[in-house]
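Undergrad: Dropping the structure in here first, questions after.
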Amino acid sequence: MTEQRTQGRDTSGAASSDGTTGGTTAGGGGGGWLDDQQLLPELVAHLRQHRTQLRQEWAGRISGSHLLTAMTPQEVHSETTSVYDNYVEVLETGSVEALRQYARDLSERIIPRGVETDEVIGIVLLLRDVLARSLFQKYHDDFTVLNHVLDAYEPAANRIANTVAVSFVDERERVIRQQQDAIRELSTPVLQVRERLLILPIIGVLDAERAQQLTEQLLAGIRQHRAKVVVIDTTGVPDVDVSVANHLVQTVDASRLMGASVIITGLSSKIAQTLVTIGVDLSKMNTIGDLQGGIEEAERLLGFTVTRKAEGSAAS
Amino acid sequence: MLRFQEALVERIGAERCRGVIIDVAALDVLDSYGAKTLGVLAEMARLRGAETVMVGVSPEIAFTMVRLGMSVPNMHTALDLEEGLLMLGRLTGSGPGR
């Protein structure tokens, strides 16, 4: 639709400029008016005809600018060929749908390879320049026709650059969102190690948002696994601030309300200090030095006994 | 709520009951007044010789209660009705089926 409108405007512009150029180019002007309908097909035909040469020039300028260094020359060759064909097709049909799909596919393939946004935009702009140069060369005798050609070419070329850049950034953002979700999921695992015994290992910095999420996952996990004992292991947490320490105490209380007792293991000396200074009632907190001791205590609470097999029976 | 309290304490005496289970699984919200009433109820039941177990607390209610500082110190808690019955059995020294 937009392409149609662009062409329409070009036509009217062409008609008025033809009017001003006057008598000598009258024949050419009449031809020019027709030319506008044929301009794009002619342009496309020109680009198709010189496909190999233009594509090579483009590829040369890509390697000259040290773009796409993450890809092998063969890959660059095949991708540039596809991009070139897609590019010409958009110029011909005016529809960017196929290109958008291709750009998304391409992004999906090259993002994991470490191709940057500026490289992608850079190569599309290079192609635009290479093609524009070739048009200059072809039409440099007749300035009026060159103007019309560029009128038809430029908006389409800009739209293509836009589409490719937006598709690439979209794809990148999608990957980032996916990874963020994955990290969030993984950062607070609630694991069942025995019937009705959950373990919640916390590693890394515990900020307010993560503490909140930890509470939600823990309480949901208690319900889902019908847990009676939960071991929260904070060996991997160096320090917490006062509000997070408070949150931790509240989480323990909330778990108790749901009928599960909580054992906290591996408290660092700094966290212990923070917990004492905030002045909450810690008498109900069951804390044990390390994770091993915590699991043993939990097993005792649940009535499990773990015994080692005798040497002889283990061998047999 | 007050009538419920009175009726319950009456019946604890009349039936010589040893344990009370309060199931709050159907509650969507529990305000501070409700929590306090439950605490009072548990204390009254204890004075009349019965232990109280609150069961079926949802994660949302559990955390809201803690966040608002609504504690129920005299109350035992268990995950659901089944767990509550087991707990009462242990607390009163008799199995659920006796």
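Residue numbers (the numbering used here), protein chains in the order written: chain G, 1 to 316; chain E, 1 to 98. No residue lacks a Cβ here, since even glycine has one placed at the ideal position from N, Cα and C.
#1: Residues in the stretch 208–236 of chain G with C-beta within 9 Å of chain E's C-beta atoms, listed in sequence order?
#2: Tell me whether the beta-carbon of residue 24 of chain E lies closer than 8 Å to the beta-carbon of residue 72 of chain E.
#3: Should residue 203 of chain G and residue 245 of chain G be called a contact, given that it needs their Cβ atoms to be closer than 8 Å?
#4: Enumerate, from N- to C-terminal direction, the unbroken alpha helix (DSSP H) stretches of 4 or more residues contained entirely within the stretch 24–71 of chain E.
#5: Is there a C-beta anywhere in chain G that falls below 8 Å from the one on residue 67 of chain E?
#6: Taking all protein chains shown into account, decide if residue 83 of chain E is buried (16 or more other Cβ within 10 angstroms of its Cβ) or exposed.
#7: In whole angstroms, give me the CA-to-CA distance for residue 91 of chain E and residue 51 of chain E.
#8: Could you tell me whether the Cβ atoms of residue 152 of chain G and residue 40 of chain G are closer together than 8 Å?
#9: Leaving out five residues before and five after residue 138 of chain G in sequence, what residues of the same chain have Cβ atoms less than 7 Å from its Cβ?
#10: Buried or exposed: residue 72 of chain G, going by 16 or more other Cβ atoms within 10 Å of its Cβ?
#11: For residue 302 of chain G, which residues of its own chain have a beta-carbon under 8 Å away from its beta-carbon, when the five flanking residues on both sides are left out?
#12: Give the interface partners of residue 62 of chain E over in chain G, defined as CB-CB distance under 7 Å, in chain order.
#13: My understanding is that residue 287 of chain G touches residue 251 of chain G, with C-beta atoms under 8 Å, so please give their C-beta distance in whole angstroms.
#14: Looking at residue 48 of chain E: is its Cβ nearer than 8 Å to the Cβ of residue 21 of chain E?
#15: Closer than 7 Å by C-beta to residue 56 of chain G: which residues in its own chain qualify, once you throw out the five before and the five after it? Chain order, please.
#16: Taking only beta-carbon positions, decide if residue 26 of chain E is within less than 8 Å of chain G.
#17: Report the neighbours of residue 250 of chain G on chain E: residues whose CB is nearer than 8 Å to its CB, in chain order.
#18: Would you say residue 86 of chain E lies against chain G (beta-carbon separation less than 8 Å)?
#19: Measure the CB-CB distance between residue 233 of chain G and residue 201 of chain G and report whether it falls below 8 Å.
#20: Does residue 96 of chain E have its Cβ less than 8 Å from a Cβ in chain G?
#21: Alpha carbon to alpha carbon, how far is residue 223 of chain G from residue 104 of chain G? Give it in angstroms, no decimals.
#22: For chain G, find out if any of its Cβ atoms is closer than 8 Å to the Cβ of residue 10 of chain E; answer yes or no.
#23: Counting C-beta neighbours from all protein chains within 10 Å, is the total for residue 253 of chain G 16 or more, i.e. buried, or is it exposed?
#24: Using 8 Å as the Cβ pair cut-off and three pairs as the minimum, do the stretch 168–184 of chain G and the stretch 126–146 of chain G touch?
#25: Among G:68, G:77 and G:99, which one has its Cα closest to the Cα of residue 159 of chain G?
#26: Cβ of residue 37 of chain E less than 8 Å from any chain G Cβ?
TA: Reading from the atomic positions:
#1: If the cut-off is 9 Å between Cβ atoms, the stretch 208–236 of chain G has 215, 216, 218, 219, 220, 222, 223, 226, 227 and 228 near chain E.
#2: No.
#3: 8 Å or more divides the Cβ of residue 203 of chain G from the Cβ of residue 245 of chain G.
#4: Every alpha helix (DSSP H) of 4 residues or more that sits fully in the stretch 24–71 of chain E is shown, in chain order, as 32–47 and 59–67.
#5: The C-beta of residue 67 of chain E comes closer than 8 Å to at least one C-beta of chain G.
#6: Buried.
#7: Looking at the two C-alpha atoms, the distance is approximately 7 Å.
#8: Yes, the pair counts as a contact, with Cβ atoms nearer than the cut-off.
#9: 46.
#10: When all chains shown are included, residue 72 of chain G counts as exposed.
#11: Hits under 8 Å: 194, 195, 196, 197, 228 and 229.
#12: Those are 219, 254, 257 and 258, listed as they occur along chain G.
#13: Not a contact, Cβ separation roughly 14 Å.
#14: No.
#15: So no residue of the chain qualifies.
#16: With 8 Å as the cut-off, residue 26 of chain E does not count as an interface residue toward chain G.
#17: For residue 250 of chain G, the residues of chain E that pass the 8 Å Cβ criterion are 63, 66 and 67, in the order they occur in the chain.
#18: Output row for residue 86 of chain E: interface = no.
#19: In contact: residue 233 of chain G and residue 201 of chain G (Cβ atoms closer than 8 Å).
#20: Low confidence applies to residue 96 of chain E: its pLDDT is 48, below 50, so where it sits in the model is not reliable, and the reading given next is rough at best. Against chain G, the CB of residue 96 of chain E has no partner CB under 8 Å away; the residue lies outside that interface.
#21: Cα to Cα, the separation comes out at about 42 Å.
#22: Interface flag for residue 10 of chain E against chain G is unset, since no Cβ pair is found closer than 8 Å.
#23: Residue 253 of chain G should be labelled buried.
#24: They do not touch, by the three-pair rule.
#25: Comparing Cα-Cα distances from residue 159 of chain G to each of G:68, G:77 and G:99, the minimum goes to G:99.
#26: Not closer than 8 Å to any Cβ of chain G, the Cβ of residue 37 of chain E fails to qualify, so no.
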